[in-house]
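Protein chains in written order, with our numbering: chain Y, 4 to 262; chain Z, 963 to 1595.
Positions of the beta carbon are idealized from the N, C-alpha and C atoms, including for glycine.
Below is one structure, written out as structure tokens; the observations come after it.
What follows is the structure, encoded as structure tokens:
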């Protein structure tokens, strides 16, 4: 455990965790756009910046991103210093120029007092804020079907060579984790389409719902070493089965014991 | 043959020295990239075939060899005749018979090939007497130009690997680090972190698998010192890295080289193979029991891969993007293992430090910046090229003594140091001693040692815009302040240079710059505003002119500038019509010329060539008053 001070309050945090979690546990809200518990911290959006110092630093402080700065004993954290707020404002102002029509960005910017960007609005507004969550979750799940292409202002999220990605299984994790709904897909009873690739759906043998793509079921099966049929039953039916089994087992021995 | 002991090494060195000294006449042909581009390969070949055809080698002991960069690239191809030390410049293959006949045969100098002092026009025969070389002190580049980079024995004869032998056989790893500490060596890649501290941290780091890396991803516009070292004396880098590996306890290393430096890649690979064959790399180096081997990793052309964490990602085979460095590379670097990364020039210094001792090195330079520093001197300066001199020398000495002053003797305006992360220093800073602290205090930085000299025909707003454009293309785009900040900053500068500047732009620039400095992930973004802030600090009036008067005082920003010929002194010499790219100048020979405003693109080429100085530029707004009739129809 490390003991640190966040905005004047003493806080305990488990060693090996990062400042952002410690702030949240202490009830201090810190804005972020690229952090998600399912993936490793990234440090890309720069909204979670905070000032840190230590008594022995003689007043010197440094600005760090809280999502990646490890908690340390004796650290003094200031999440609301003038320069922290100003830096977040610049970041949000810039993001609002990039994505002027994106509600999430509009809302965050408004929280920091920005109604309209002071920069040149993007002539082609986009909802993609390049937080990298989609790419990281795809990596984390083992597919690495999408990545970023190009550098600098031209950077975009894309499959390799901008072609339908071979490694994609159509799981939709990228679309679901996307905080702005930028990643589009279509999903119907027979087909699903994402990243310009079509996937055949598997219907649950119990309820008939199309809940998983064939490629996804095959990939799970290969990964787990189980038969593909295991993944054809949908989650709800599986839960229903589980509940039924639990009830049956519960009734059986209890009934016997009571008699 | 493999060298298996210290004694064996001394014997190999002695044999190499004998061989070198047996050459009564040695003709060195520079085959650095600059000279090669000017045809030095054909010159070397001409020497070789002619020497062979005439039997000069066996008869007179005349040899020729191709060397790395001599630094004086502007005058290439360069040929040096030893032992006299005569430097011939701009040599072509057709000059070879004359050189052999006169200089080798009769001991005469071919005067037309000598370097002429640009100010006095007097020819200078000897290499060492040319001011460009006379004012230099070379440590990192000690052997460049003097040896054949593909010949390990040639390097051994000049003392290569002597520092390694002292390290391996006379010192413990801790003592090696102590020697480097005594030398006061700081990172030559630009940031100036203490090399000894870096090594000590990596030595202390837990784990038995560690790495040493060489950063050869030099990508600043105008910088080529690392390139010349890798091309011209790769063994100096190898020696430094083996010593460093021994000091920190690493057994594996990588040299990361830009793939745009093909000659460097080839020479480094050859050096590694040769060193391995002779027992200087691999298992049980020189019989000392220490194992270390090196590999080359070729960069894919991203400027950001010169940033340490991005470089390591790139070697790992991942996308070369920086990551937060709250945990130092000395603890968790390449493959999350303890790693030391040093710049090419830093590594090249290490061998010399171990050979001559830390105190010897520390005797050069200033109190906090010890030793010498290599610079690529380019821009509007008479002698461009690669130089090395003690830290603390003034900018004036570099630009005017070594560089010979400004081209065409125009007024000096500024010098840009440190590349896109650095800044521009004006004339009143010319007497500053060049070291890490002084440059930083004055709004610039050491950076990778690029030095771009600018004359009065340079618009400082346009210079800042140039660097912003470069960086906006090279930012990896991972973090918002760098990616979006550069995009917006460039937008503001495009507006300034094209007459759309507005009151309040300077404040907007300053606010955005501050946000980028504080908020960006890596040094690329944090230092990206430096060219902007330093030009704003020293040339604020130029910014104001662009905004308030829509005028470019240097006459560079095309949208804001118009050119016209002052009729009176124009002699109709026709020079301007020859250079005008759009045929916008009319006039018969020996009659007054006139610029057609509707065709003129304001490139300023005519202004730069006019021998009578009869072309003037005015703010675009002034055109209507001056030549209204032509502009309108």
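Enumerate in chain order the residues of its own chain whose CB-to-CB distance from residue 219(Y) is below 7 angstroms, with the five nearest sequence positions on each side excluded.
Taken in chain order, the residues that qualify are 172, 173 and 174.
Quick one: what's got a C-beta closer than 8 angstroms to residue 1457(Z)'s C-beta in the same chain, skipping five residues either side?
The beta carbon of residue 1457(Z) sits closer than 8 angstroms to the beta carbons of 1463, 1464 and 1467 from its chain, once the five residues preceding and following it are set aside; these are given in chain order.
CB-CB under 8 angstroms to residue 1587(Z), same chain, minus the five flanking residues each way: which ones, in chain order?
Its pLDDT being 40, under 50, residue 1587(Z) is placed unreliably by the model, and nothing is read from it.
Would you mind stating whether residue 1386(Z) and residue 1396(Z) have Cβ atoms separated by less than 8 angstroms?
Result no, Cβ atoms of residue 1386(Z) and residue 1396(Z) do not sit closer than 8 angstroms.
Determine the DSSP secondary structure at residue 1197(Z), reduced to helix, strand or coil.
Looking at residue 1197(Z) - three-state DSSP - the assignment turns out to be helix.
Roughly how many angstroms separate the alpha carbons of residue 1549(Z) and residue 1527(Z), rounded to a whole number?
Residue 1549(Z) and residue 1527(Z): Cα-Cα distance of roughly 11 angstroms.
Beta-carbon spacing of residue 1184(Z), residue 1412(Z) below 8 angstroms
Yes; because the gap between Cβ atoms is below 8 angstroms, this pair is in contact.
DSSP beta-bridge partners for residue 204(Y)?
216(Y), per the DSSP bridge assignment.
Whole-angstrom C-beta distance between residue 1225(Z) and residue 995(Z), which should lie under 8 angstroms:
Rounded, the Cβ-Cβ distance is 6 angstroms, consistent with contact.
Residue-level contact to chain Y via CB, residue 1403(Z), 8 angstroms cutoff
Residue contact check for residue 1403(Z) against chain Y: no CB pair falls below 8 angstroms.
Could you confirm whether any beta carbon from chain Z is found closer than 8 angstroms to the beta carbon of residue 80(Y)?
Not an interface residue.
Please name the residue, chosen from 1245(Z), 1343(Z), 1416(Z) and 1008(Z), that lies closest to residue 1036(Z) on a Cα-to-Cα basis.
Of the listed residues, the one whose Cα sits closest to residue 1036(Z) is 1343(Z).
Run through DSSP, which three-state label would residue 1289(Z) get?
Under the three-state reduction of DSSP output, residue 1289(Z) falls in the coil class, being neither helix nor strand.
Using a Cβ cut-off of 9 angstroms, which residues of the region 1428 to 1449 of chain Z contact any Cβ in chain Y, in chain order?
Listed by position along the chain: 1433, 1434, 1435, 1436, 1437, 1438, 1439, 1440, 1441, 1442, 1443, 1444, 1445, 1446, 1447, 1448 and 1449.
Exposure of residue 193(Y), with buried meaning 16 or more beta-carbon neighbours within 10 Å:
Residue 193(Y) should be labelled exposed.
By a C-beta neighbour count over all protein chains shown, 10 Å radius and 16 as the cutoff for buried, is residue 88(Y) buried or exposed?
When all chains shown are included, residue 88(Y) counts as exposed.
Span separating the alpha-carbon of residue 977(Z) from that of residue 1215(Z)
CA-CA distance, residue 977(Z) to residue 1215(Z), rounds to 30 angstroms.
Thinking C-alpha only, which one of 16(Y), 162(Y), 244(Y) and 136(Y) is nearest residue 176(Y)?
Here the closest residue by C-alpha is 136(Y).
Chain-ordered chain Y contacts of residue 1288(Z) [CB-CB under 8 angstroms]
Simply 67, 71, 72 and 73.
Could you pull out every residue in the same chain whose Cβ sits closer than 7 angstroms to the Cβ of residue 186(Y), ignoring the five residues on either side in sequence?
Result list for residue 186(Y): 137, 177 and 178, in chain order.
Below 8 angstroms on C-beta distance, what does residue 1486(Z) contact in chain Y?
Per Cβ cutoff of 8 angstroms: no residues; residue 1486(Z) is ~10 angstroms from chain Y at best.
Checking 8 angstroms against the spacing of the C-beta atoms, do residue 1303(Z) and residue 1273(Z) come in under that value?
At the C-beta level, residue 1303(Z) and residue 1273(Z) come within 8 angstroms of one another.
Cα separation between residue 101(Y) and residue 188(Y)?
So the alpha carbons of these two residues sit roughly 23 angstroms apart.
Got a sec? Which residues, its chain only, sit under 6 angstroms from residue 105(Y) by beta carbon, not counting five neighbours each side?
Around residue 105(Y): 130 and 183.
Spatially closest choice to residue 1280(Z) from 1115(Z), 1243(Z) and 1271(Z), by CA coordinates
With distances taken between Cα atoms, residue 1280(Z) lies closest to 1271(Z).
How far does the alpha helix (DSSP H) with residue 1012(Z) in it extend, from its first residue to its last?
The continuous alpha helix (DSSP H) containing residue 1012(Z) extends over residues 1002 to 1015.
If we call anything under 8 angstroms between Cβ atoms a contact, is residue 1110(Z) one with residue 1027(Z)?
Yes. Within cutoff.
Taking Cβ to Cβ, would you say residue 1194(Z) is nearer than 8 angstroms to residue 1029(Z)?
Note that the C-beta distance between residue 1194(Z) and residue 1029(Z) is below 8 angstroms.
Straight-line Cα distance separating residue 217(Y) from residue 203(Y):
Going from the Cα of residue 203(Y) to the Cα of residue 217(Y) covers about 6 angstroms.
Output, in chain order, the set of chain Y residues within a Cβ distance shorter than 8 angstroms of residue 1040(Z).
Near residue 1040(Z) there are no residues of chain Y at all, since even the closest Cβ is about 37 angstroms away, more than 8 angstroms.
To the nearest angstrom, how far is it from the Cα of residue 200(Y) to the Cα of residue 160(Y)?
The straight-line gap from Cα to Cα measures roughly 16 angstroms.
Cβ-Cβ separation, residue 1394(Z) to residue 1404(Z) (assumed contact under 8 angstroms), whole Å:
Right, their Cβ atoms sit about 6 angstroms apart.
Between the C-alpha atoms of residue 115(Y) and residue 97(Y), what's the straight-line distance to the nearest angstrom?
Each residue's Cα considered, the two are about 13 angstroms apart.
With 8 angstroms set as the bound, which would you pick, yes or no: does the beta-carbon of residue 258(Y) sit closer than that to a beta-carbon of chain Z?
The predicted position of residue 258(Y) is uncertain, since its pLDDT is 49 and thus under 50; a value taken from the coordinates is nonetheless stated next. Between residue 258(Y) and chain Z, the shortest Cβ-Cβ separation is not below 8 angstroms.
Kindly indicate which three-state DSSP category residue 1322(Z) falls into: helix, strand or coil?
It is helical.
So, for residue 3(Y): in the same chain, excluding its five sequence neighbours on each side, which residues have a beta-carbon less than 6 angstroms away from its beta-carbon?
Residue 3(Y) is absent from the model: chain Y starts at 4 and stops at 262.
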